[in-house]
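Chemist:
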Amino acid sequence: MATAVLSGSTGLVGSNILSTLLAHPGFSSVYAYTRRELPNPNGSTKLQPIQSADTSAWKAQFPSAQQPKICFNALGTTRAQAGGVEAQRKIDHDLALELAQAAKAAGTDVYVLISSNGANPNSYFAYPKMKGDLEEAVKGLGFKHTVIVRPGLIVGERSDSRPAEAALRSLAKGLKGLAGSGKLTDWWAQDAGMIGRAAVEAGVRYFPFYAVILGWPVAAAWYFNGNM
Numbered sequence: 455m456a457t458a459v460l461s462g463s464t465g466l467v468g469s470n471i472l473s474t475l476l477a478h479p480g481f482s483s484v485y486a487y488t489r490r491e492l493p494n495p496n497g498s499t500k501l502q503p504i505q506s507a508d509t510s511a512w513k514a515q516f517p518s519a520q521q522p523k524i525c526f527n528a529l530g531t532t533r534a535q536a537g538g539v540e541a542q543r544k545i546d547h548d549l550a551l552e553l554a555q556a557a558k559a560a561g562t563d564v565y566v567l568i569s570s571n572g573a574n575p576n577s578y579f580a581y582p583k584m585k586g587d588l589e590e591a592v593k594g595l596g597f598k599h600t601v602i603v604r605p606g607l608i609v610g611e612r613s614d615s616r617p618a619e620a621a622l623r624s625l626a627k628g629l630k631g632l633a634g635s636g637k638l639t640d641w642w643a644q645d646a647g648m649i650g651r652a653a654v655e656a657g658v659r660y661f662p663f664y665a666v667i668l669g670w671p672v673a674a675a676w677y678f679n680g681n682m
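Quick note: the sequence shown, position 61, residue 515 per the numbering used here, numbers continuous.
Pasting the structure below:
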């Protein structure tokens with residue numbers, strides 16, 4: 455069985471990745487970075503929290519001695535939460551890249567990055583450029599297998615307040631309830647649980663190429679697993 459490392463374990467997608475990893479028979483230990491105490495409702499002995507409010511210490515705390523085979527990054531915040539564009543980039547890009555570098559140095563084979571639909575290093579807009587820059591930097595590290603997941607609007611219940619996203623999620627849920635509109639909303643809105651499961655399935659399959667899963671085809675992870 456393998457050891458996994460997860461950053462962004464308390465977020466909407468990250469929490470679903472965590473629950474999927476803990477339930478997966480292929481993993482013996484899951485090291486999860488967190489700034490606060492992680493819930494463990496099922497009392498899983500696999501969960502190994504790396505808890506520190508000082509994110510600048512996270513790279514040094516990477517569990518290199520455990521030789522993790524797979525690393526998942528689901529870090530993500532908003533400009534408002536971070537306190538500006540530069541502060542957001544320090545988390546979503548700089549911290550994520552530091553942990554990816556630590557994973558590479560530890561010999562991790564597979565790196566799974568939760569990015570964003572529209573990520574583009576050449577974009578004039580800060581958010582897609584930041585995500586695109588991170589994708590390119592991670593690919594440049596040369597992991598044996600790199601999986602990039604690019605979801606659109608993520609549907610699910612967040613613990614934090616994001617009014618604009620909440621309004622769009624309500625719209626997406628409403629559209630999905632209308633006859634024949636499910637495929638339409640799948641282009642721009644995906645369920646966080648499905649994204650989390652797809653990310654794990656993509657990672658454990660050790661894709662021998664850069665697998666970029668865009669928007670609604672996030673379910674392509676299930677296709678490669680023979681489930682579509």
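We treat Cβ as the ideally placed atom computed from N, Cα and C, and that holds for glycine.
What beta strand (DSSP E) runs, 3 residues minimum, are completely inside the segment 466-535?
Modeler: Correct list: 481-488, 501-505, 524-527.
Chemist: Mind listing, in chain order, the continuous beta strand (DSSP E) runs of no fewer than 3 residues lying wholly within the segment 563-617?
Modeler: 564-568, 599-604, 607-609
Chemist: Closest to I545 by C-alpha separation, out of H478, K513, T562, would be which residue?
Modeler: Checked all of H478, K513, T562; the closest Cα to I545 is K513.
Chemist: DSSP has T457 in a bridge; who is on the other side?
Modeler: Partner(s): S483.
Chemist: Considering only the alpha carbon of each residue, which of G538, L460, V601 lies closest to Q515?
Modeler: Selected option, being the one with the closest Cα: L460.
Chemist: Give the range of the alpha helix (DSSP H) segment to which L650 is assigned.
Modeler: What sits at residue 650 in the sequence shown is Gly, not Leu. Residues 646-658.
Chemist: Between G530 and G465, which are expected to be in contact by the criterion C-beta below 8 Å, what is the C-beta distance as a whole number of angstroms?
Modeler: Contact between G530 and G465 holds: CB atoms are separated by about 6 Å, below the 8 Å threshold.
Chemist: So, with DSSP's three-state summary, where would you put A560?
Modeler: In the structure shown, A560 sits in coil (DSSP, three-state: anything other than H, G, I, E or B).
Chemist: Determine the direct distance from the alpha carbon of A560 to that of S518, and round the result to whole angstroms.
Modeler: Here the C-alpha atom of S518 lies approximately 5 Å from the C-alpha atom of A560.
Chemist: When burial is assigned at 16 or more other CB atoms within 10 Å of the CB, is F597 buried or exposed?
Modeler: buried
Chemist: Are three or more beta carbon pairs between the segment 494-505 and the segment 546-554 nearer than 8 Å?
Modeler: no
Chemist: Closest to T499 by CA distance: which of E590, R490, S473 is it?
Modeler: Per the C-alpha coordinates, the member of E590, R490, S473 positioned closest to T499 is S473.
Chemist: Looking only at its chain, what residues have a beta carbon closer than 8 Å to the beta carbon of M584, apart from the 5 residues adjacent to it on each side?
Modeler: Q542, R543, D546, H547
Chemist: Would N527 and G647 qualify as a contact pair, given that the criterion is a beta-carbon distance under 8 Å?
Modeler: Not in contact: N527 and G647 (Cβ atoms no closer than 8 Å).
Chemist: Hey, how far is the Cα of L625 from the Cα of L607?
Modeler: The predicted model places L625 with a pLDDT of 48, which falls under 50 and marks its position as unreliable; any figure quoted below should be read in that light. Taking the straight line joining both Cα atoms gives about 11 Å.
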